[in-house]
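K.L.:
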Amino acid sequence: MATPNRWRKLLPGLLLAIFSILFTVLLLELGVRLLHLAPPAEGTGWFWQIPDSQTGWSLLPGARGHWFNPQMEYDVDVAINSDGLRDVQRETLAKPDGVFRILLLGDSYVEGLRVPLEQTFGKVLEQQLNASAPAGQRFEVIPAGVSGWGTDQELLWLREHGAAYQPDLVLLAFFPGNDFQNNSEALEVENMGSIQKPFFHLDTGQLTLSYSPFDPATVPQPVQPQTSSGDAANAPAGLSPLAGWLKQHSALYRFVGPALATGAPDFARGLANRGLLERSLVRADAPADSIPVAYGIYRDPLSDDWTNSVTLTGALVAEMHSEAEALDAPLAAVILTAPEQVYPDRWQKRLDDNPAMSAYTWDLEQPNRLAADLLQAAGVPYLDLLPTFREEADAGASLHLRHDGHWTAAGERLAGETTADWLDEQGLIAAR
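Now the structure itself:
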């Protein structure tokens, strides 16, 4: 047992150590704040989306806000124009003389919330086309993209709004990583746990539309979803009072949490289970036989639900082709990329995180082949970006965000430049 004299000798050193630790923490806190390394205390939510009886959800006209992720891979001001698109504000939708207008349909890749508007795929495409446009001609690219949309919702939007834009070309940005899934009621309910939009079905070869106009009160009740985070019932506890206070007041805490979740996931999961870290930052323990629904598109052979979704998607593309023709505009398509297709280490991580996947055969090029086949069958010219993205990635380019998965600014630029060259080579942007 320490004597009073011994405590008097130890106390200065102990106080110095405590002061040094506190001073270091304060310096780190100040540094994180000055360098803007941590996300704000409160997330923004999906401030730019609203329920929509036609498509399930759409963009809120006039919405403005800030969009970021916990890892601060992006930090972007977002504005939705009065027409409900993430695009520049237009006084009128009437097409000016001398303008060749491209209507770009897609999901979050077209919406492009991870970069400023001028750096998005659609706007890079517009810039590239205008840089080499002949005298008297100008190009406009209208980005009609909404996070989570499938080909079905894009078709519904085209039917309702396409004519107002007087497009000279309809360009479908097809993301095989989830568009096949988004189009399938069975797969979407398995993934999301409920019906959240209208769905097309094939009835003796004909497309029929269900749950339209969409009203959540008239569709089946939610069920427990299978998600990439595992069983929601086993999710860790909420934040403790101390952690809640730190989240509100400490940028250092908000910076360290995502870093731990990435660099030491098991340790981070333990903290989350004790209420010391936000549950949204960690991947919950999934059942041993769990495989995220979205990866089913890579499985060889496909399950029946996935095979049916491919057939349905082919019918949707054919119908979109007909709708474009009715607008006197050809339909072309760009097949997009997923990060696990471009970077082998990211696919390996998915295999490591989901041991049950080792029992099956996987083909990372299969989604793009399926998309190419159905586009060709519908008579739609297409560009597959995967070979170009792989070539650039092999040379060291960072094209997909590591945590979020969407394109980086470099990926957006590569997609826009490659698409501009391809449209020119195919003669799809000749003056009309």
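In the working numbering, each residue's number is its place in the sequence shown (first place is 1) plus 2.
Backbone N, C-alpha and C fix where the C-beta goes; we use that ideal spot for every residue, glycine too.
Keep in mind the model is a prediction, meaning the values are calculated, not measured.
1. Quick one: what's got a C-beta closer than 7 Å to residue 227's C-beta in the same chain, skipping five residues either side?
2. So the alpha helix (DSSP H) residue 346 belongs to, where does it begin and stop?
3. What are the uninterrupted segments assigned as beta strand (DSSP E) that are 3 or more residues long and contained completely in the region 292 to 349, given in chain order?
4. Determine the extent of the alpha helix (DSSP H) in which residue 110 is found, giving its start and end residues.
5. Give a yes or no on whether the C-beta atoms belonging to residue 325 and residue 160 are separated by under 7 Å.
6. Could you tell me the alpha carbon to alpha carbon distance between residue 309 and residue 137, rounded to whole angstroms?
7. Give me the Cα-Cα distance between residue 327 and residue 333, rounded to the nearest whole angstrom.
8. Which parts of the region 81 to 166 are runs of the alpha helix (DSSP H), unbroken and 4 residues or longer, counting only runs that do not cross its ends?
9. Spatial neighbours of residue 379 within its chain, please: CB distance less than 7 Å, with the 5 preceding and 5 following residues excluded, ordered by chain position.
10. Could you tell me which residues DSSP pairs with residue 386 in its beta bridges?
11. Expressed to the nearest angstrom, what Euclidean distance is found between the alpha-carbon atoms of residue 115 and residue 20?
12. Is it buried or exposed for residue 414, if we count other Cβ within 10 angstroms and need 16 for buried?
13. Which residues mark the beginning and the end of the beta strand (DSSP E) in which residue 69 is found?
14. Do the region 338 to 348 and the region 131 to 149 make contact, defined as three or more Cβ pairs closer than 8 Å?
15. If you run the structure through DSSP and keep just helix, strand and coil, what is residue 29?
16. Skipping 5 residues on each side, what residues in its chain have a beta carbon closer than 8 Å to that of residue 1?
17. Are there three or more Cβ pairs, one per stretch, closer than 8 Å when the region 348 to 364 is compared with the region 202 to 210?
18. Could you have a look at residue 58 and say whether DSSP puts it in helix, strand or coil?
19. Under 8 Å: do the region 108 to 125 and the region 396 to 413 share three or more Cβ pairs, one atom per stretch?
20. Under the rule that 16 or more other beta-carbon atoms within 10 Å means buried, what is residue 155, buried or exposed?
21. Taking its Cβ as the centre, do 16 or more other Cβ atoms sit within 10 Å of residue 125, making it buried, or is it exposed?
22. From the DSSP secondary-structure annotation, give me the bridge partner or partners of residue 205.
23. Using beta-carbon positions only, say whether residue 435 and residue 405 come within less than 7 Å of one another.
24. Evaluate the contact criterion for the region 385 to 399 versus the region 94 to 101: three or more CB pairs, one atom per stretch, below 8 Å.
P.N.:
A quick look at the data gives this:
1. For the purposes of this step, residue 227 is taken as residue 225 along the sequence shown, with counting starting at 1. In this prediction, residue 227 has a pLDDT of 48, which is less than 50 and means its spatial position is unreliable; what the coordinates show is noted afterwards. 193, 194, 195.
2. In the sequence shown, residue 346 corresponds to position 344, counting from 1. Start and end: 346 to 355.
3. 333 to 337
4. Against the sequence shown, residue 110 aligns to sequence position 108. Residues 110 to 113.
5. For the purposes of this step, residue 325 is taken as residue 323 along the sequence shown, with counting starting at 1. For the purposes of this step, residue 160 is taken as residue 158 along the sequence shown, with counting starting at 1. In contact: residue 325 and residue 160 (Cβ atoms closer than 7 Å).
6. As a first step, residue 309 must be located in the sequence shown, where it is residue number 307. As a first step, residue 137 must be located in the sequence shown, where it is residue number 135. Residue 309 and residue 137: Cα-Cα distance of roughly 48 Å.
7. Counting from one through the sequence shown, the residue named residue 327 turns up at place 325. Counting from one through the sequence shown, the residue named residue 333 turns up at place 331. Roughly 8 Å separates the two Cα atoms.
8. 110 to 113, 123 to 133, 153 to 163
9. The count along the sequence shown starts at 1 and reaches residue 379 at position 377. The beta carbon of residue 379 sits closer than 7 Å to those of 316, all from its chain and outside the five residues before and after it, given in chain order.
10. Looking up residue 386 in the sequence shown gives position 384. 337.
11. If you number the sequence shown from 1, residue 115 lands on position 113. If you number the sequence shown from 1, residue 20 lands on position 18. The alpha-carbon atoms of residue 115 and residue 20 are separated by roughly 44 Å.
12. Position 412 of the sequence shown, counting from 1, holds the residue named residue 414. It is buried - the Cβ of residue 414 has at least 16 other Cβ atoms within 10 Å.
13. Taking the first residue of the sequence shown as position 1, residue 69 is located at position 67. Element bounds for residue 69: 66 to 70.
14. no
15. On the sequence shown, position 27 is the one that residue 29 refers to. The answer is helix: DSSP assigns residue 29 an H, G or I state.
16. This structure cannot speak to residue 1, because the chain is shown only from 3 to 434.
17. no
18. Working through the sequence shown from its first residue, we reach residue 58 at position 56. Strand, per DSSP.
19. Taking 8 Å as the limit for Cβ pairs, the verdict is that the region 396 to 413 does touch the region 108 to 125.
20. Working through the sequence shown from its first residue, we reach residue 155 at position 153. Residue 155 counts as buried, since at least 16 other C-beta atoms from the protein chains shown sit within 10 angstroms of its C-beta.
21. Translated into positions along the sequence shown, residue 125 becomes position 123. So residue 125 counts as buried.
22. Position 203 of the sequence shown, counted from the start, is the residue given in the question as residue 205. DSSP lists 208 as partners of residue 205.
23. Because residue 435 is not part of the residues shown, which for the chain are 3 to 434, the question remains open.
24. no
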